[in-house]
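Residue numbers (this note's numbering): -7 to 36.
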């Protein structure tokens, strides 16, 4: 499956945090990553 797009999300209650959602060609979610204001890496 090829990566088709990356969606960037900034939570309203924590605008300095960022999450990236990776979406495949067929619209399926391939995973996610990001980081928080405290420097923690989010992966899924």
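Backbone N, C-alpha and C define an ideal beta-carbon position, used for all residues, glycine too.
Start-to-end residues for the beta strand (DSSP E) that takes in residue i
i	result
residue -6	Taken as a continuous stretch (DSSP letters only), residue -6 belongs to no beta strand (DSSP E), as it is neither H nor E.
residue 16	10 to 16
Residue i in three-state terms, based on DSSP
i	result
residue 0	strand
residue 30	coil
residue 19	coil
Cut-off 6 Å between Cβ atoms - residues of its own chain near residue i, not counting five sequence neighbours on either side
i	result
residue 17	-6 and -4
residue 13	-1 and 24
Length of the line joining the Cα atoms of residue i and residue j
i	j	result
residue 28	residue 7	9 Å
residue 26	residue 1	9 Å
Chain-order list of residues whose beta-carbon lies under 7 Å from that of residue i (same chain, five-residue window excluded)
i	result
residue 11	1, 24, 26 and 34
residue 15	-4, -3, -1, 21 and 22
Close Cβ partners of residue i (< 8 Å) along its chain, the five nearest in sequence each way excluded
i	result
residue 9	2, 3, 26, 27, 28 and 29
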